[in-house]
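Q: Using the UniProt record's numbering, read the sequence shown as starting at 1 and increasing by one per residue. Handing you this structure, nothing more for now.
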Amino acid sequence: MPERRERLITRAARAGRVLAALILGTLTAAVEMVFLLVAGPILLVSRVHRRPGPASARLVLLAAGGLAELEVRRLGLFGGQVVSEHRGGRAIAYLAVRWLVGVLGGLVLFLLGLGAATGVSFVVGWARGESPDGIPPTPWIVAYLAVAGVVMLFLDIMGIVGVAALELGIARRFLGPSSTEALERRVAELAESRAGIVTVVDQERRRIERDLHDGVQQRLVALALLIGRARRGRSQEHLEDLLRQAQQEAQEALNELREVAWRIYPSGLDSLGLHDALSAVAGRAGVPVTVRYGLARRPAGTVETAAYFVVREAVANAAKHSGAREVVVEIKEEGEMIVVRVSDDGSGGADPSGGGLSGLARRVAALDGRFAVDSPLSGPTTITAEFPCD
1 MPERRERLIT RAARAGRVLA ALILGTLTAA VEMVFLLVAG PILLVSRVHR RPGPASARLV
61 LLAAGGLAEL EVRRLGLFGG QVVSEHRGGR AIAYLAVRWL VGVLGGLVLF LLGLGAATGV
121 SFVVGWARGE SPDGIPPTPW IVAYLAVAGV VMLFLDIMGI VGVAALELGI ARRFLGPSST
181 EALERRVAEL AESRAGIVTV VDQERRRIER DLHDGVQQRL VALALLIGRA RRGRSQEHLE
241 DLLRQAQQEA QEALNELREV AWRIYPSGLD SLGLHDALSA VAGRAGVPVT VRYGLARRPA
301 GTVETAAYFV VREAVANAAK HSGAREVVVE IKEEGEMIVV RVSDDGSGGA DPSGGGLSGL
361 ARRVAALDGR FAVDSPLSGP TTITAEFPCD
């Protein structure tokens, strides 16, 4: 129930942001229309004279860029991301198209408000025993108006969704990078993520070698020495003591080898899933860990593995370095992203450029995800990783 209530609150807040963005868009459409009426003649004169233009033309282009940037900030309320890289002529073209969409959004909101006001007026009038517009509250009339109201509400909601998608689409079309620029950027991102993965794999290999050398290898050396002493022993009592020590060393070596294997990749992740694997991490953490798992379906294997390592590293850091008394692990879907958030009440001061956290950042970036560390010196620390659902 708390998770369901939280989802309802999240959806209601998102709907409120969308409505606020449409209302602001209607207001900015009027401003942009007036701006274009003033800027059009100035830019036309500048183009006819075929010269860079007077200061007024430069101010017009600067103002167009400012209005476009304002629209990009407003579009953030829709939940979409628009990368604005173009000013000048591209901004003017965007505003010339965008104000029409703003007017369309205003009309959709007007119809929504008109329908709501009409419905309220009928309900209030019938409750007072009146007949608004001479329409009595007969069963057929009530059923007809109820069905018509639901249909109109559905159309208004679809209109709002369509306007929001259109707003984001034209902003990306006019203000975003061109297809060539996007392709070049994607190639650069892939090259960078590939280099990051190579670095992460090399760091993991070095860590595994160090764990085997400092832990398991030392245990095996001690075991070999004990067996050698047992072979040379003469006393039965001494022999039994050496064998007992050898058995203990063998058990410790197995435990450390199992720990190394678990840190490389948990065997239960494939068979049991992410939730159970994280429960095992919580049980081995040495500090109270609360896991709030809100995924309705199992994520892709690569995302599941990366999410596991993010949680494991964050929990281990909190237990070893921050002095935390409690760690909260939260995994849920937000829109088209799977969000992994690990919070602790420790002393803070985690360094995002450190070996462990920087390795996690490269691992997340390789999956087109986002990674953030919020850790002021006084605490608390929050580590967030976001992965695409598909």
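Ideal Cβ positions, reconstructed from N, Cα and C, are used throughout, including at glycine.
In the DSSP output, which residue or residues are listed as bridge partners for residue 384?
A: For the purposes of this step, residue 384 is taken as the residue at position 384 of the sequence shown. Residue 384 has 341 and 372 as its beta-bridge partners, per DSSP.
Q: Taking only runs that begin and end inside the region 279–339, name each unbroken alpha helix (DSSP H) of 4 or more residues, in chain order.
A: 301–317
Q: Helix, strand or coil for residue 128, going by three-state DSSP, please let me know.
A: Taking the sequence shown and counting its residues from 1, one reaches residue 128 at position 128. Correct three-state label for residue 128: coil.
Q: State the Cα-Cα distance for the pair residue 282 and residue 362, rounded to the nearest angstrom.
A: Position 282 of the sequence shown, counting from 1, holds the residue named residue 282. Position 362 of the sequence shown, counting from 1, holds the residue named residue 362. One C-alpha to the other measures close to 24 Å.
Q: Tell me the residue span of the alpha helix (DSSP H) that contains residue 471.
A: The requested residue 471 is not part of the displayed model; the chain covers only 1 to 390.
Q: What's the C-alpha gap between residue 111 and residue 183?
A: For the purposes of this step, residue 111 is taken as residue 111 along the sequence shown, with counting starting at 1. For the purposes of this step, residue 183 is taken as residue 183 along the sequence shown, with counting starting at 1. Residue 111 and residue 183: Cα-Cα distance of roughly 42 Å.
Q: Find the nearest neighbour of residue 254 within the set 241, 279, 238 and 218, judged by alpha-carbon distance.
A: To locate residue 254, count along the sequence shown from 1; it is residue 254. Minimum Cα distance to residue 254 is reached at 218.
Q: I need the DSSP call for residue 378, collapsed to helix, strand or coil.
A: Here residue 378 corresponds to residue number 378 of the sequence shown, with the count starting at 1. Coil at residue 378, not helix or strand.
Q: Please classify residue 9: is it buried, with 16 or more other beta-carbons within 10 angstroms of its beta-carbon, or exposed?
A: Position 9 of the sequence shown, counted from the start, is the residue given in the question as residue 9. In the assembly as shown, residue 9 is an exposed residue. Its beta-carbon has fewer than 16 other beta-carbons within 10 Å.
Q: When the Cα of residue 316 is compared with those of 147, 289, 330 and 296, which residue comes out closest?
A: Along the sequence shown, read from residue 1 onward, the residue named residue 316 stands at position 316. Per the Cα distances, 289.
Q: For residue 367, name the three-state secondary structure that DSSP assigns.
A: As a first step, residue 367 must be located in the sequence shown, where it is residue number 367. In the structure shown, residue 367 sits in coil (DSSP, three-state: anything other than H, G, I, E or B).
Q: Among the residues of its own chain, which have a CB less than 6 Å from the CB of residue 106, if the five just before and after it don't count?
A: Counting from 1 along the sequence shown, the entry for residue 106 is found at position 106. Same-chain partners within the cutoff: 26.
Q: Taking all protein chains shown into account, decide if residue 244 is buried (16 or more other Cβ within 10 angstroms of its Cβ) or exposed.
A: Translated into positions along the sequence shown, residue 244 becomes position 244. Classification of residue 244: exposed, given that the 10 Å Cβ count is below 16.
Q: Measuring alpha carbon to alpha carbon, tell me which of 150, 72 and 34 ends up nearest residue 91.
A: Numbered from 1 along the sequence shown, position 91 holds the residue referred to as residue 91. It is 72.
Q: If contacts are defined as beta-carbon pairs under 8 Å, then residue 100 and residue 68 qualify, I think. What distance do you get, rounded to the angstrom?
A: Start at 1 with the first residue of the sequence shown, and residue 100 comes out as number 100. Start at 1 with the first residue of the sequence shown, and residue 68 comes out as number 68. Actually they are not in contact, since the Cβ atoms of residue 100 and residue 68 sit about 15 Å apart, beyond 8 Å.
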